[in-house]
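Worksheet for the structure shown next.
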Amino acid sequence: MSLFWRIFLLNAAVLVTATLLLLGPVTVSTPVLLTEAVVLSVGLIAMLVANAALLRVGLAPLRRLARAMATIDLLQPEPRLAPGGPGGTAELIHAFNAMIDRLEAERAASAAAALSAQEAERRRVAQELHDEVGQTLTAVLLELKQVARRAPDPLRGQLTQVQETTRDSLDEIRRIARRLRPGVLEELGLVSALKALVTEITGHTDLTVEQHLAVDLPALGSEAELVLYRVAQEALTNTVRHGKATTVELSLRRRTGAVRLRVRDDGRGIGAAPEGTGIRGMRERALLIGAQLSVGPAAGGGTEVRLTVPVAERDGGS
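The opening residue of the sequence shown carries number 1 in full-length UniProt numbering; numbering runs sequentially from there.
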């Protein structure tokens, strides 16, 4: 039973008891006159209605708080509840808001540490793939080339096939290393890194990517550029794996006080499917830099991922 009905029924019991007493020994007429019974009944009903209305108004902040507690998601921050109602209710809402602030700060700190460790591990694995496995396969290719030159004709064809397989494996390892550690992002910047990402994806799939990448971007910082790159990478990867799309639009635009990344495809959309680890990972990255991420259906079908990164305007922007 809800708090409203508990308080209402307790008050109703008191009022009904008082009315029965008036209709019983404590009355002005014996037996009770019809007019007195009608007046008392109407008065009781009026008091119950007034009691219910006052309780409904008084407990409204608690209902709002309960809805907020049931629907809140730390990865999708919403405006805080405005403290209202009686003193105790206002204090409760204020304490709830303070608790959410602490939880969001702690989650942001832990997510930053986890993502930093993840990027460090990616760099380490990419370096080992490039230096150890890549160099080993390169040496194997050179040895196979030397052996193939001296091998008799029946074996030369097989050795050539082994060479091609080894070369394909080497290319795949290099591609994985580039995805783990986008060196072009550090060396040439965000726009060049996104172009390289598109080239890599279109080179291995039938997906057509329309690029609209602005060159007049403000200074973003290495952390913001990495978040933008990873969100674009995850969005394109999801399109290839799950979207069944044929065309994707990738745009990076400058807005007033912000930079906006948008990835929109013409696939089957996300429908009512729950968010997976990839989307939640994008949300965690967005929170690290105070950006806003939205993932939903695109106009005309498909899926649209939009990331808005706030920046400090120095020249008025566009």
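Every residue gets a Cβ at the ideal spot worked out from N, C-alpha and C, and that includes glycine.
Expected contact under 8 Å - CB spacing of residue i and residue j to nearest Å
{"i": "Q211", "j": "L236", "result": "Contact doesn't hold; Cβ gap of about 11 Å is too wide."}
{"i": "R254", "j": "L217", "result": "6 Å"}
{"i": "T231", "j": "R285", "result": "The displayed chain sequence assigns Val, not Thr, to residue 231. The Cβ separation is near 6 Å, so the contact holds."}
{"i": "V305", "j": "L220", "result": "Rounded, the Cβ-Cβ distance is 18 Å, inconsistent with contact."}
Burial state of residue i, where buried means 16 or more other Cβ atoms lie within 10 Å
{"i": "R63", "result": "exposed"}
{"i": "I45", "result": "exposed"}
{"i": "T165", "result": "exposed"}
{"i": "M99", "result": "exposed"}
{"i": "M282", "result": "buried"}
{"i": "P182", "result": "buried"}
{"i": "G269", "result": "buried"}
{"i": "G301", "result": "exposed"}
{"i": "A126", "result": "buried"}
{"i": "L34", "result": "exposed"}
{"i": "A299", "result": "exposed"}
{"i": "A224", "result": "buried"}
{"i": "L307", "result": "buried"}
{"i": "L185", "result": "buried"}
{"i": "T17", "result": "exposed"}
{"i": "G267", "result": "buried"}
{"i": "Q158", "result": "exposed"}
Inter-residue Cα distance where the pair is residue i and residue j
{"i": "N51", "j": "N11", "result": "8 Å"}
{"i": "V227", "j": "A148", "result": "47 Å"}
{"i": "D315", "j": "L129", "result": "Any reading at D315 is ruled out, since the residue's pLDDT is 47, under 50, leaving its predicted position unreliable."}
{"i": "A196", "j": "E91", "result": "54 Å"}
{"i": "M69", "j": "P79", "result": "13 Å"}
{"i": "residue 331", "j": "A139", "result": "Here the chain covers residues 1 to 318 and nothing more, so residue 331 does not appear."}
{"i": "V14", "j": "P83", "result": "31 Å"}
{"i": "R102", "j": "S110", "result": "12 Å"}
{"i": "L144", "j": "I176", "result": "24 Å"}
{"i": "L55", "j": "Q292", "result": "39 Å"}
{"i": "Q135", "j": "R123", "result": "17 Å"}
{"i": "A245", "j": "R179", "result": "21 Å"}
{"i": "T160", "j": "D153", "result": "11 Å"}
{"i": "G189", "j": "Q118", "result": "21 Å"}
{"i": "L115", "j": "A53", "result": "51 Å"}
{"i": "A193", "j": "Y229", "result": "8 Å"}
{"i": "T303", "j": "E200", "result": "21 Å"}
{"i": "N238", "j": "L207", "result": "12 Å"}
{"i": "T71", "j": "G43", "result": "41 Å"}
{"i": "H242", "j": "G296", "result": "14 Å"}
{"i": "E106", "j": "V191", "result": "32 Å"}
{"i": "D131", "j": "A120", "result": "16 Å"}
Residues near residue i by beta carbon distance below 7 Å, same chain, minus five either side
{"i": "T198", "result": "Note on identity: in this sequence residue 198 is Val, with Thr being the wrong assignment. Here the set comprises V209, Q211 and L250."}
{"i": "S318", "result": "The predicted model places S318 with a pLDDT of 38, which falls under 50 and marks its position as unreliable; any figure quoted below should be read in that light. Cβ neighbours of S318 beyond the five flanking positions: R254."}
{"i": "I289", "result": "E223, A224, V227 and V309"}
{"i": "A258", "result": "T308, V309, P310 and V311"}
{"i": "A214", "result": "L252, R253 and R254"}
{"i": "V133", "result": "I173"}
{"i": "R156", "result": "A148"}
{"i": "S294", "result": "R306"}
8 Å Cβ shell around residue i - same chain, five flanking residues per side excluded
{"i": "L137", "result": "T166, S169, L170 and I173"}
{"i": "A108", "result": "L287 and L288"}
{"i": "M47", "result": "L15"}
{"i": "Q163", "result": "L141, L144, K145 and A148"}
{"i": "F96", "result": "L65, A68, M69 and L81"}
{"i": "T202", "result": "T208 and V209"}
{"i": "H94", "result": "P83"}
Beta carbon proximity, residue i to chain B, threshold 8 Å
{"i": "K145", "result": "The structure shown contains no chain B; it holds only a single protein chain."}
Sequence-distant residues of the same chain with beta carbon closer than 6 Å to residue i, five excluded per side
{"i": "T205", "result": "V240"}
{"i": "A112", "result": "L288"}
{"i": "E234", "result": "G278 and M282"}
Under 8 Å, with one C-beta from each stretch per pair, do the segment 4-20 and the segment 51-59 reach the 3-pair mark? Touching, per the Cβ criterion.
Would you check if the segment 272-290 and the segment 255-263 touch, i.e. whether three or more CB-CB distances between them fall below 8 Å? Contact annotation: the segment 255-263 does not touch the segment 272-290, with fewer than three C-beta pairs closer than 8 Å.
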